[in-house]
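Letter by letter, the sequence shown follows residues 303 to 1013 in this note's numbering.
A short worksheet on the structure shown next.
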Amino acid sequence: MQLGLNITNSNAPGVVSAGGLVTIKSLKGLQDEAKAEAQRANSQPVVQALAGYIRKKWMSAMLAKQQTSEIKMLKSVRARRGEYDPDKLAQLREQGSATIYMMLTSNKCRAASSWLKDTLVTAAEDKPWTIQPSPMPDLPPDQVQSIMEQAQQEVQQLYMAGTPPTNQQVRERLLEMKDMALSHLKDISKRTAERMELKMEDQLYEGNWSKAFSDFLDDITTFPSAIMKGPVVRKRPKMKWVPGAAGHFKLDVVDELCLEWERVDPFNLYPAADMTDIDDGGALIERHKLSRSDLQAMIGVEGYSENAIRGVLEEYGKGGLRDWIYVDMNKAAAEGKSTMGVQQNPSELIDALQYWGSVQGQLLLDWGLTEEEIPDPLMDYPIEGWVVGHWVIKAAVNPDPLGRKPYFKASYEEVPGAFWGNSVADLCRDTQDICNAAARSLVNNMSISSGPQVVYNIDRLPQGENITQLYPWKVWQVTSDPMAGSAPPMQFYQPNSLAQELMAVYEKFATLADEYTGIPRYMTGDSPAGGAGRTASGMSMLMTNAGKSIKQVIANIDNAVIEPAINRLYFYNMRYGSDPDLKGDVNCRARGAASLVQKEQAQVRQNQFLQIALQSPVVQQVVGMEGIAELLRQSAKTLDLNPDLIVPPVEIIKQRMLMQQQMAQQQQMQADQASGQSQAGGSPPAPAPGAQLGNGAPVTNNFAPQAGIPG
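Structural data, given as structure tokens:
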């Protein structure tokens, strides 16, 4: 049977009726309707009140930041690039001074960043975090009930057998059963922790953790504070094998929700003026510069308004939206970018404000949240809000049960009670300025003292004489003195060179920069002038002492970034994960500082053990050549050398030892034949190299390759 539809035009444009029962709208009609609905919802007073509230908080935080930390940030960026502040550069040029800039700050920041990355950004098998099962996992209620029931059955059996147990026996049996259950539970927790660790390691890898964390370590040496963010849920297209026709699989693009990590530009984070930490309850606002693809990735993510996002894409899709502020121009100039891009916005970026903070419940009810979400109007609730222009694309209660913000902050040097700390660039700013002044004075003095200063009596010089040209054996023409005086027509004056004094000033303050930052110059390859640094053991001691300051920095990163970030990812999996085999009672631990200590101690002990093995024949007999070769390989790795090019494989070593034994046996046979021929008397001939001594040990050098044996 064929179904027929009587389709007639309706009064509304783009709308038709099917049989008078079903209304069919065109795509453009649906889009126009969604656009009108989005504009109507966004223009409500409560929504615009929320947008105004967020912008007011941002304006307050922006003004407070401009007066404090932004000035330090701009100075630090210029110092890393080796440039003077614009006012200072204009003053030097007006004075005619040299504008040389010594790259002291850049060198210190680069050394600190490399030091941190060498410790924290390591191989996957030596990552700076771990997941451990809880030492005393809680027994589930069902297991406690099972233990009690089993103990009750055993007591009843004993009563039926005529041997009732005492209270002490019942207690001991209960403890025994509880210990057995805890032991079993610990094994389960250990396997659960291993599975969870593999899962989180994969999530961090796919979520761009390594790149974001590496950029974070660069920031911590340059800016007063460095910030990480995550996990952020975004929809990303990915290539996947999907089922196709006839049981075959085909490669297709599938949109997936991904957990991502990112480094936050310190210029774009605006804490409230009275904030001391990320989660102290104050308002925190991040300023975003979004592309159209960034906004499109938010469509379909829970909490975002698709209609509002589409309204933003339509309204600001052609020319973008940039509420550029004063710091944008200075930041672009400090980073060496064109300032025209700030005003013209060639990339058509769209500015957005992401607000995190606590708001009174009554305001949230006025803004449209339900009583189920806001049970008590007098309590404060943490929220997340997104504002783009006059559009509110998201307004929701913070999904974290504890109200924590997805940001993690650390400083190279923490300042108690302050949100922003001190960076390497901040710690050596004064020494950088004095070293620059000494270098400028040195260049100016060298220029002046490189040749004589000449004083001319222009009345004694003939017309047209070139007084600016000096060269050896020059003949000067002068006229007679009309006053018949004895003064020479010209005088030469040689300025004094102060190079030694200025170099001493520079060296003094460059050394102070080592002390202020805790990064000695020999960490970048320069050897100490003398003292303990003249020997290998003394240099090792100096490097160990220098590591004490970097350990404090790593401890700051462990406590404020790595551990809370890993914990946040763990709780995300516990709350939203669907695999029950991954869920258990575990503890997330950062071990960056502990790893550095262990590496240093292990290297020292390894070197000591290697010296014992090389100097003690007894140890050599115990560990064998294979053991000594393994020690040499590990030592070569710590020196960043290729052990395969230095220590031969075990098969080659065994081949050498076999050939040495054969040569020793041949030499012994020759010695026995020689002693048999001289039985009549006389002293026996001296043992040949490799011959056996009285204790049976061959006299050979097992460490030197023999002739004819491959090395």
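For every residue, glycine included, the Cβ atom is placed at its ideal position computed from N, Cα and C.
On a predicted model such as this, the values are computed, not experimentally measured, just so you know.
Taken through DSSP and simplified to helix, strand or coil, proline 533 comes out as strand. Boundaries of the beta strand (DSSP E) harbouring histidine 590: 586-592, taken from the DSSP string. Using a Cβ distance threshold of 9 Å, tyrosine 714 and glycine 723 count as a contacting pair. Each residue's CA atom was taken as its position, placing alanine 353 and proline 684 some 16 Å apart. In the displayed model, tyrosine 461 falls within a helix according to three-state DSSP.
For valine 423, no alpha helix (DSSP H) run applies, since DSSP gives it neither H nor E. The beta carbons of proline 573 and alanine 712 sit about 14 Å from each other, so the pair does not count as a contact at 8 Å.
Under the 10 Å beta carbon count, isoleucine 948 is surrounded by fewer than 16 other beta carbons and is classified as exposed. When DSSP states are grouped into helix, strand and coil, glycine 687 belongs to the strand group. Counting only the Cα atoms, valine 423 lies some 40 Å from proline 919.
Under the DSSP assignment, alanine 812 falls in the alpha helix (DSSP H) whose first and last residues are 801-819. Between glutamate 558 and asparagine 570 a beta carbon distance of about 27 Å is seen, past the 8 Å cut, so the two are scored as non-contacting. With fewer than three CB-CB distances shorter than 8 Å, the segment 529-536 does not count as touching the segment 459-479. The beta carbons of glycine 886 and threonine 494 sit about 3 Å from each other, so the pair counts as a contact at 8 Å. Of the candidates Val726, Glu617, Asp678 and Tyr758, the residue whose Cα lies closest to the Cα of glycine 691 is Glu617. Taken through DSSP and simplified to helix, strand or coil, aspartate 735 comes out as helix.
Within a 10 Å sphere around the beta-carbon of lysine 639 sit fewer than 16 other beta-carbons, which makes this residue exposed. Fully enclosed alpha helix (DSSP H) runs of no fewer than 4 residues occupy 726-729 of the segment 686-732, in order along the chain. With fewer than 16 other CB atoms across the displayed protein chains lying within 10 angstroms of its CB, glutamate 803 is exposed.
Here the C-alpha atom of phenylalanine 525 lies approximately 10 Å from the C-alpha atom of leucine 519. Separation of glycine 384 and cysteine 890 (C-alpha to C-alpha, rounded to the nearest whole angstrom) is 41 Å. The beta carbons of leucine 406 and isoleucine 522 sit no closer together than 9 Å.
Assigned with DSSP and collapsed to three states, asparagine 759 falls in coil, not helix or strand. Secondary structure note for methionine 482: its alpha helix (DSSP H) is the uninterrupted segment 469-508. For glutamate 385, there is no enclosing beta strand (DSSP E), since its DSSP letter is neither H nor E. Beta-bridge annotation (DSSP): tyrosine 874 is not paired with any residue.
Of Lys374, Val694 and Gly687, the smallest CA-CA separation from proline 701 is found for Gly687. Taking 9 Å as the cut-off, the beta carbon of valine 726 is found closer than this to the beta carbon of cysteine 411. DSSP lists Glu558 as the beta-bridge partner residues of arginine 538.
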